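Numbering-wise, the working numbering puts 110 at position 90 of the sequence shown, and it's gapless, one number per residue.
Report on one structure; see the data block that follows.
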Amino acid sequence: MKCRAAVAWEPKKPLVIEEIEVEKPREGEVLLRVVASGVCHTDAFTLSGDDPEGAFPCILGHEGGCIVEECGPGVKNLKPGDHVIPLYIPECGECEYCHSTKSNLCQSIASTVWTGYMPDHTRRFTCKGQPIYHYMGCSTFSEYTVVPEIALAKINPAAPLDKVCLLGCGVTTGIGAVLNTAKVEPGSTVAVFGLGGIGLSCIQGAVMAKAGRIIAIDINPGKWAMAQALGATDFVNPKDVNGSISEYIKEITNGGVDYSFECIGNVHVMRDALECTHMGWGVSTVIGVAGAGQEISTRPFNLVVGRTWKGSAFGGVKGRTELPGYVERYMSGEIELDSMVTHTMPLDDINRAFDLMHSGESIRSVIIF
Ligand code: NAD
Ligand code: AHE
Ligand code: ZN
Ligand code: ZN
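Rendered as structure tokens:
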């Protein structure tokens with residue numbers, strides 16, 4: 021079939037709205053009509069050219085709210101009309117990661133998901149006769165996309181897809197990192213570095229975990245109002261701090277925070293986030309994604325004295341099993357999504373979503389198809 025999509029022809033260049041060809045779904049695959057898609061910083065990261073796995077030309081987008089259009093042969097549990105959220109981390113239910121309660125990192129199709137192919141090592145998109153790479157197994161910046169059944173969470177059809185699309189990445193990642201990865205306890209002191217869609221969702225998670233004090237840190241003071249509305253208790257602008265931000269956080273927290281989260285993708289901030297945690301028990305979770313060649317460092321002593329450095333992908337959430345429950349928690353008012361959608365726009369204006377992200381004006385832009 022033919023449809024419209026935003027094609028990333030090469031790094032660092034604006035997306036181009038093109039007519040593309042989408043092939044029929046093959047064995048175990050599902051053709052989806054994309055109703056809405058959030059724009060995550062990771063899309064911008066890959067478009068920047070810093071992603072070692074970025075393959076061009078591609079169709080970006082991985083925060084989708086979709087409706088099943090057609091099922092390929094062998095699809096067992098979905099039918100046309102079902103509402104689904106695509107998962108960049110699938111859940112096959114059979115691999116050792118799916119069997120483990122310690123990880124959500126299903127590896128069944130990882131080698132193709134992260135290199136831009138479908139599981140059978142072929143692609144379903146072409147534009148002007150040229151094959152186009154998939155992105156994170158989702159490619160939701162297209163009116164239609166093809167995703168394997170094992171990478172689709174079937175959700176309540178009553179849920180508004182233009183809001184719950186944010187559960188396909190940002191909000192689930194932040195909440196899950198707090199509840200599943202760090203396992204924040206009631207009364208804890210928490211520091212969140214970076215107040216975009218991910219950091220604000222960490223604040224939501226910290227409130228759910230009944231943290232006592234939640235310190236919100238961003239170089240853009242415009243992010244404070246939303247952080248406060250979601251439950252942050254303190255705000256720090258690193259630009260206003262003389263000297264080391266980690267020393268400053270330790271000073272105002274009587275020795276350091278119990279838990280910190282890096283939600284930026286800056287390796288220097290990752291170090292600060294570790295070093296501002298309390299000696300003996302502090303846990304720092306890396307969520308931000310950093311470019312090719314970048315590495316984190318700290319004095320080993322900072323770990324010797326009882327700090328823990330962790331990382332979290334999609335908040336440790338097993339998508340097919342757990343995401344439908346996240347949708348229900350939004351429907352019951354327990355998870356906030358509406359105010360996180362600060363901008364909506366048609367596909368034609370998608371480059372504006374990237375501009376708004378880079379200028380710090382948006383939390384999440386949602387493309388409405
Ligand atoms: P965003 O652009 O919406 O927000 C980033 C925030 O960080 C902005 O508010 C910005 O002002 C702030 N910031 C930038 N530099 C800073 C500094 N030096 N100190 C303090 N604040 C600073 O991004 P987002 O969509 O929230 O994504 C955040 C990061 O998380 C990105 O690296 C993204 O790729 C990554 N991410 C990871 C996962 C995962 O599963 N691990 C999932 C989603 C996103
Ligand atoms: N391609 C990058 C890594 C990107 C990355 O870490 N992606 C996260 C999701 S970010 C969502 O916005 C993830 O879940 N990764 C799991 C995995 O297996 O890659 C690089 O550095 O190579
Ligand atoms: Zn994302
Ligand atoms: Zn698996």
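For every residue, glycine included, the Cβ atom is placed at its ideal position computed from N, Cα and C.
All of these numbers come straight from a predicted model, not from anything done at the bench.
- Taking C-beta atoms as the reference points, residue 273 and residue 364 fail to come closer than 8 angstroms.
- The way I'd put it, the stretch 293–302 doesn't touch the stretch 130–140; fewer than three beta-carbon pairs between them come closer than 8 angstroms.
- Contact between residue 108 and residue 82 holds: their C-beta atoms lie close to 5 angstroms from each other, under 8 angstroms.
- Sequence-distant Cβ neighbours of residue 258 in its own chain, meaning closer than 7 angstroms and more than five residues away, are 237, 239, 265.
- Residues close to ligand 3 by the beta carbon criterion (under 5 angstroms to any non-hydrogen atom) are, from first to last along the chain, 60, 62, 189.
- Runs of beta strand (DSSP E) with 3 or more residues, each lying fully within the stretch 28–70, are found at 36–42, 49–58, listed in chain order.
- Here the residues close to ligand 4, judged by CB distance below 5 angstroms to any of its heavy atoms, are 112, 115, 118, 126, 128 in chain order.
- Annotation for residue 377 indicates a beta carbon within 7 angstroms of some heavy atom of ligand 1.
- Taking a cut-off of 8 angstroms on C-beta distances, the stretch 285–295 touches the stretch 204–221, as three or more cross pairs fall below it.
- Per DSSP, residue 233 lies in no alpha helix (DSSP H) segment; the continuous beta strand (DSSP E) that holds it begins and ends at 233–237.
- With contacts defined by Cβ atoms closer than 8 angstroms, residue 195 and residue 221 form a contacting pair.
- By the neighbour-count definition (other C-beta atoms within 10 Å, threshold 16), residue 188 is a buried residue.
- Counting C-beta pairs closer than 8 angstroms gives three or more between the stretch 90–108 and the stretch 144–159, which meets the contact rule.
- The Cβ neighbour count for residue 352, taken over all protein chains shown within 10 Å, is under 16; the residue is labelled exposed.
- The beta carbon of residue 74 sits closer than 6 angstroms to the beta carbons of 66 from its chain, once the five residues preceding and following it are set aside; these are given in chain order.
- Considering only 294, 88, 286, 282, the residue with the shortest C-alpha distance to residue 307 is 282.
- In the DSSP assignment, residue 283 falls outside any beta strand (DSSP E) and carries neither an H nor an E.
- According to DSSP, residue 145 shares a beta bridge with 42, 152.
- In the three-state scheme derived from DSSP, where H, G and I count as helix and E and B as strand, residue 99 is classed as coil.
- At least one heavy atom of ligand 2 is found less than 7 angstroms from the C-beta of residue 109.
- In this model, residue 250 and residue 122 are separated by some 29 angstroms (Cα to Cα).
- In the structure shown, residue 318 falls within a coil segment according to DSSP collapsed to helix, strand and coil.
- Between residue 88 and residue 52, the alpha-carbon positions lie close to 5 angstroms from each other.
- Distance from the Cα of residue 340 is smallest, within the candidate group 77, 80, 125, 46, for 125.
- Its chain contains 25, 27, 38, 39, 40, 41, 77 as the residues whose beta carbon lies nearer than 8 angstroms to that of residue 147, once the 5 sequence neighbours on both sides are disregarded; these appear in chain order.
- Contact check for residue 276 against residue 284 fails: the beta carbons are separated by 8 angstroms or more.
- For residue 158, the CB stays at least 7 angstroms from every heavy atom of ligand 1.
- Between residue 252 and residue 225 the beta-carbon gap is near 12 angstroms, outside 8 angstroms, which marks them as no contact.
- Shown here, residue 164 sits in a strand according to DSSP, grouped into three states.
- Runs of the alpha helix (DSSP H) spanning 4 or more residues and lying entirely within the stretch 324–370 occur at 339–351, in chain order.
- Distance from the CA of residue 235 to the CA of residue 92, rounded to the nearest whole angstrom, comes to 48 angstroms.
- Distance from the CA atom of residue 199 to the CA atom of residue 328, rounded to whole angstroms, is 16 angstroms.
- Between ligand 1 and the CB of residue 285, the shortest heavy atom gap is smaller than 7 angstroms.
- When only Cα atoms are considered, residue 140 and residue 312 end up about 27 angstroms apart.
- The beta carbon of residue 240 sits closer than 7 angstroms to at least one heavy atom of ligand 1.
- Within 7 angstroms of the C-beta of residue 374 there is not a single heavy atom belonging to ligand 2.
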